[in-house]
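Peer 1:
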Amino acid sequence: MNFVKRYLLPRLFIYFLVIFVGITMVFIIPRLLPIDPIQQLIGQISSRGTYLDPKTLNNLIDTLKELYGLKGSLWQQYCSFWRRFLGGDFGPSYYQFPVPVISLIKQSLPWTIGLLLTTTIISWILGNIFGALAAYFSNRRWVKVIDIIAMIIRPMPYYILALSLLMLFAYIFPIFPLGGGYLIGGQIKFGLQTILTLLKYAFLPAMSLILIGFFTWFQAMKLVVQTVKSEDFVTYANIGGVTQARIVNKYIIRNAMLPQITGLALSLGQIFSGSLITEIVFSYPGLGTLLYNAIFTGDYNLLMGITVISIFVITTSILLIDLLYPLFDPRVRYR
Amino acid sequence: MNVLKDLLRDLRFRFAFLIVLILIVLTVLSFFSPYNPYRWNLVPRDLPPKWPHVLGTTSMGQDVFWILTFAVRNSLTVSLLAGFISRIIAIVIGMIAGYKGGKTDKILMFMSDSFLIIPLFLIIVLFATMMRARMTLVTLGLLLGLFGWAWDARVIRSQILSLRERDFTYTAILSGSGTFSIIFKEYMPFVIPLVFATFIGNMSWAIGMEIVLAILGVSNLEIPTIGTMLQWAINYQAMLLGYWWWISTPVVTAVLLFIALYLLSVSISEYLDPRMRIQRIGRK
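Residue numbers (my numbering), protein chains in the order written: chain A, 25 to 359; chain B, 555 to 838.
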């Protein structure tokens, strides 16, 4: 009972509060944009040479306002936004009217999740293993080599790294395709051929993400393990004759994993915005490309849909990690 | 000065310091530029690097070297501004939250947590789109500064939390020091190194954001910065046409700048951590 009252309830409260604040921000900011989506659409229609008399025009504006969820005062819009959001309906996209936002997101989501989830997890696992090893054998030569490479790759802006990979392996040595997610017009069927093609297209974007991710995790893990290694309880265990393997598994790794797991939760949440640059550079079909188009066309609904889902995923993953903490770390008890 | 001497013993610091010096020289040179950075077609187009155009010229008829001096100046201005603004917010919020504790702490930390959790990148891009045409260096710096403080406020708060439990705090309170004098006289010296270390990290974040915003085309492309130089080069297909000098100049500058800032922060924070410092002196 104490657990529910002092641990679970405050965290749930914060969880809902953050979602509330985030979604309110998402509602307000696009409305400050100087782009009027309705004027834009009408401009498109009249630029095709269609004549609209004032009465039809007013009717059209009214209908569009209702469809876009822009009807009424700001407060009414806000209320109806929450109502629709709770029903899982983000309205139609302005950019690809009248396709509903939710189905656009559903189309792009598998690409982004497939690319970013796998690369995040792969780089996390590799970075942690190598980081921990490097902290133990810090005098070996390979550790020093990785350290120097990390020092160059880590601070490099991701965009530049991605661009140089693309230039190197698509222009100079044309091994991989220049961009896209799959053969243009190709059918996606289940089979070895399809999987190979998909992997070929995903290789360069994945490579760039894994490179950046690996070195980030590597350095973090190395630093944490080095700190834990020099703490008193490890020295004490050593003197007390606890076996090396037991010290590593039970004492050091367990203590070092906590910040790394927090980091993993945070970076899993960043999948949505993190995909933006990757997908632009490699023209990979996914949420990032969708988002890019949404920003440029002033597509409120699409922007809100993506951001709301991203807020939801991030806060939920942090809540889950918060609740799972005591399983990983012996020091944390439910207070 | 002694601090600088100690730091210069570190190879990484020496390297970073050299790059920063070069960038400062470039910044100063921009004031003596023979060309106006806002005018096009002042020099022949697409010349490869050759005297008098040391780094060649662009497809807009601008001299790459002199544009670079403006770009470095403007990028540094934006990042310094963002760093200063977010430092002020971080210090104020971190100190109040750490010292006051209780409800104030909870509310302030909820604020900074929300900033950490909400996808800020999307929101910054949104704001930038909104102000695209009216964006100046100052507004860009302000925007980045207003969004970049949350993590550093947490770091400063945790430092204050541990200072608050120390004996000297109680001594100061019992001998009648006011809140302000405790914070400024007693705590500031402990917090200043942290402020410096996070300042460098924040600068590098701001420059990275500036580049991304420029590449997305949502910052004011008329002001020369490292980001807009890259954006122009990509836009004019510099890579495909083989004008390597044009695209590699901002790329190399950016990479050097990021590495320098990173090495500076690593070597300064190692210097500030006494355990690491002893290790280093012992090694030599």
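Just so it is clear, CB atoms sit at the ideal spot from N, CA and C, and this is done for glycine as well.
Looking at the strands, I want to know which residues DSSP matches up with Asp77 of chain A.
Peer 2: On the first sequence, position 53 is the one that residue 77 of chain A refers to. In the DSSP output, where bridge partners are listed per residue, Asp77 of chain A has none listed.
Peer 1: So is Tyr119 of chain A buried or exposed if we call it buried at 16+ other beta carbons inside 10 Å?
Peer 2: Reading the first sequence from its first residue, position 95 is the one you call residue 119 of chain A. By the 10 Å Cβ count, Tyr119 of chain A comes out buried.
Peer 1: Could you give the DSSP three-state label for Asp323 of chain A: helix, strand or coil?
Peer 2: Along the first sequence, one-based indexing puts residue 323 of chain A at 299. In the structure shown, Asp323 of chain A sits in coil (DSSP, three-state: anything other than H, G, I, E or B).
Peer 1: So, helix, strand or coil for Pro34 of chain A, using DSSP?
Peer 2: The count along the first sequence starts at 1 and reaches residue 34 of chain A at position 10. Note: Pro34 of chain A maps to helix in three-state DSSP.
Peer 1: Is the Cβ-Cβ distance between Ser633 of chain B and Ala760 of chain B less than 7 Å?
Peer 2: Looking up residue 633 of chain B in the second sequence gives position 79. Looking up residue 760 of chain B in the second sequence gives position 206. Result yes, Cβ atoms of Ser633 of chain B and Ala760 of chain B sit closer than 7 Å.
Peer 1: Report back the beta-carbon spacing between Trp800 of chain B and Gly610 of chain B to the nearest angstrom; my notes put them in contact at under 8 Å.
Peer 2: Looking up residue 800 of chain B in the second sequence gives position 246. Looking up residue 610 of chain B in the second sequence gives position 56. With a Cβ gap of about 6 Å, Trp800 of chain B and Gly610 of chain B count as contacting.
Peer 1: Taking the beta carbon of Asp86 of chain A as the centre, do at least 16 other beta carbons fall within 10 Å, making it buried, or is it exposed?
Peer 2: Here residue 86 of chain A is taken as the residue at index 62 of the first sequence, counted from 1. So Asp86 of chain A counts as exposed.
Peer 1: Hey, is Thr683 of chain B's beta-carbon within less than 7 Å of any beta-carbon in chain A?
Peer 2: For this step, residue 683 of chain B is matched to residue 129 along the second sequence. Yes - at least one Cβ of chain A is within 7 Å of the one on Thr683 of chain B.
Peer 1: I'd like to know whether the C-beta atoms of Leu691 of chain B and Thr631 of chain B end up nearer to each other than 7 Å.
Peer 2: One-based indexing of the second sequence puts residue 691 of chain B at position 137. One-based indexing of the second sequence puts residue 631 of chain B at position 77. In contact: Leu691 of chain B and Thr631 of chain B (Cβ atoms closer than 7 Å).
Peer 1: Would you list the one or two residues that DSSP bridges to Lys604 of chain B?
Peer 2: By 1-based counting over the second sequence, the position of residue 604 of chain B is 50. According to DSSP, which records beta bridges pairwise, Lys604 of chain B is partnered with B:His607.
Peer 1: Considering only the beta carbon of each residue, do Pro201 of chain A and Tyr225 of chain A sit closer than 7 Å?
Peer 2: Looking up residue 201 of chain A in the first sequence gives position 177. Looking up residue 225 of chain A in the first sequence gives position 201. Yes, the pair counts as a contact, with Cβ atoms nearer than the cut-off.
Peer 1: Does DSSP put Pro747 of chain B in a helix, a strand or coil?
Peer 2: As a working mapping, residue 747 of chain B is identified with position 193 in the second sequence. In this structure, Pro747 of chain B counts as helix in the three-state DSSP scheme.
Peer 1: Which value, in whole angstroms, describes the spacing of the CA atoms of Met175 of chain A and Ala814 of chain B?
Peer 2: Stepping through the first sequence from its first residue, residue 175 of chain A is reached at position 151. Stepping through the second sequence from its first residue, residue 814 of chain B is reached at position 260. Whole-angstrom Cα-Cα distance: 10 Å.
Peer 1: What separation, rounded to the nearest whole angstrom, lies between the Cα atoms of Leu139 of chain A and Leu694 of chain B?
Peer 2: Here residue 139 of chain A corresponds to residue number 115 of the first sequence, with the count starting at 1. Here residue 694 of chain B corresponds to residue number 140 of the second sequence, with the count starting at 1. Whole-angstrom Cα-Cα distance: 32 Å.
Peer 1: Between Thr803 of chain B and Leu622 of chain B, is the Cβ-Cβ spacing less than 7 Å?
Peer 2: Looking up residue 803 of chain B in the second sequence gives position 249. Looking up residue 622 of chain B in the second sequence gives position 68. Going by C-beta atoms, Thr803 of chain B is nearer than 7 Å to Leu622 of chain B.
Peer 1: So, at 6 Å on beta carbons, what are the nonlocal neighbours of Asn756 of chain B in its own chain, with the 5 sequence-adjacent residues on each side left out?
Peer 2: The residue labelled residue 756 of chain B in the question sits at position 202 within the second sequence. So the qualifying residues of the chain are Gly637, Ser640, Gly702.
Peer 1: Which of helix, strand or coil does DSSP assign to Pro134 of chain A?
Peer 2: Stepping through the first sequence from its first residue, residue 134 of chain A is reached at position 110. Pro134 of chain A: helix per DSSP, three-state reduction.
Peer 1: Count the other CB atoms, across all protein chains shown, that sit within 10 Å of the CB of Ala269 of chain A; report buried if there are 16 or more and exposed otherwise.
Peer 2: To locate residue 269 of chain A, count along the first sequence from 1; it is residue 245. Exposed is the call here.
Peer 1: What is the DSSP secondary structure of Arg834 of chain B, reduced to helix, strand or coil?
Peer 2: As a first step, residue 834 of chain B is located in the second sequence; it is residue number 280 there, counting from the start. Note that Arg834 of chain B has pLDDT 48, beneath the 50 cutoff, so the model's placement of it is unreliable and the number below is only indicative. Reduced to three states, the DSSP call for Arg834 of chain B is helix.
Peer 1: When the Cα atoms are used, what is the spatial distance from Pro309 of chain A to Leu676 of chain B?
Peer 2: Start at 1 with the first residue of the first sequence, and residue 309 of chain A comes out as number 285. Start at 1 with the first residue of the second sequence, and residue 676 of chain B comes out as number 122. Going from the Cα of Pro309 of chain A to the Cα of Leu676 of chain B covers about 18 Å.
Peer 1: Can you look up Asp617 of chain B in the DSSP assignment and give me helix, strand or coil?
Peer 2: The sequence position of residue 617 of chain B within the second sequence is 63, counting from 1. If DSSP states are grouped into helix, strand and coil, Asp617 of chain B belongs with the strands.
Peer 1: When you compare the region 657–674 of chain B with the region 332–345 of chain A, are there three or more beta-carbon pairs, one atom per stretch, that lie closer than 8 Å?
Peer 2: Yes, since at least three Cβ pairs between the region 657–674 of chain B and the region 332–345 of chain A fall closer than 8 Å, the two stretches touch.
Peer 1: According to DSSP, is Pro283 of chain A helix, strand or coil?
Peer 2: Mapped onto the first sequence, residue 283 of chain A falls at position 259. Helix at Pro283 of chain A.
Peer 1: Below 8 Å CB to CB, which residues in the same chain sit around Pro778 of chain B once its five sequence neighbours on both sides are set aside?
Peer 2: Looking up residue 778 of chain B in the second sequence gives position 224. Contacts found: Pro591, Ile621, Phe624, Ala625, Asn628.
Peer 1: On the three-state DSSP scale, how would you describe Pro778 of chain B?
Peer 2: What you label residue 778 of chain B is simply residue 224 of the second sequence in a count that begins at 1. Coil at Pro778 of chain B, not helix or strand.
Peer 1: Is there at least one Cβ from chain A nearer than 7 Å to Phe812 of chain B's Cβ?
Peer 2: By 1-based counting over the second sequence, the position of residue 812 of chain B is 258. So, interface residue.
Peer 1: How far does the alpha helix (DSSP H) with Phe722 of chain B in it reach, from first residue to last?
Peer 2: Your numbering for residue 722 of chain B matches position 168 in the second sequence. Its alpha helix (DSSP H) spans residues 721–728.
Peer 1: Please tell me whether Tyr797 of chain B has its Cβ less than 7 Å away from any Cβ of chain A.
Peer 2: Start at 1 with the first residue of the second sequence, and residue 797 of chain B comes out as number 243. No, Tyr797 of chain B does not count as interfacial toward chain A.
Peer 1: Just to make sure I have the definition right: I need the residues of chain B whose C-beta is within less than 8 Å of the C-beta of Met49 of chain A. Which are they?
Peer 2: Taking the first residue of the first sequence as position 1, residue 49 of chain A is located at position 25. Per Cβ cutoff of 8 Å: Ile672, Ile677.
Peer 1: Beta-carbon within less than 6 Å of Ile643 of chain B's beta-carbon, same chain only, minus the 5 sequence neighbours each way: which residues are those?
Peer 2: To locate residue 643 of chain B, count along the second sequence from 1; it is residue 89. Around Ile643 of chain B: Trp703.
Peer 1: Ignore the nearest five residues each way along the sequence and tell me which others in Trp166 of chain A's own chain have a CB closer than 7 Å to its CB.
Peer 2: Numbered from 1 along the first sequence, position 142 holds the residue referred to as residue 166 of chain A. Excluding sequence neighbours, Trp166 of chain A sits near nothing in its chain.
Peer 1: Is the separation between the beta-carbon of Arg178 of chain A and that of Phe239 of chain A shorter than 7 Å?
Peer 2: Against the first sequence, residue 178 of chain A aligns to sequence position 154. Against the first sequence, residue 239 of chain A aligns to sequence position 215. Yes.
Peer 1: May I have the straight-line CA-CA distance separating Leu348 of chain A from Ile285 of chain A, to the nearest angstrom?
Peer 2: Translated into the one-based positions of the first sequence, residue 348 of chain A becomes position 324. Translated into the one-based positions of the first sequence, residue 285 of chain A becomes position 261. Distance between the alpha carbons of Leu348 of chain A and Ile285 of chain A: 10 Å.
Peer 1: Can you find a C-beta in chain A that's less than 7 Å from the C-beta of Ile822 of chain B?
Peer 2: Residue numbering aside, residue 822 of chain B sits at position 268 when the second sequence is read from its first letter. No, no contact with chain A.
Peer 1: Checking contacts by CB at 7 Å: is Ser129 of chain A closer than that to chain B?
Peer 2: In the first sequence, counting from the first residue as 1, residue 129 of chain A sits at position 105. Looking at the sequence provided, one finds Ile at residue 129 of chain A rather than Ser. Chain B, which has no Cβ nearer than 7 Å to the Cβ of Ile129 of chain A, makes this no.
Peer 1: I'd like to check one pair, Gly648 of chain B with Ala707 of chain B: are the Cβ atoms closer than 7 Å?
Peer 2: Counting from 1 along the second sequence, the entry for residue 707 of chain B is found at position 153. Counting from 1 along the second sequence, the entry for residue 648 of chain B is found at position 94. Yes, these two residues count as a Cβ contact at 7 Å.
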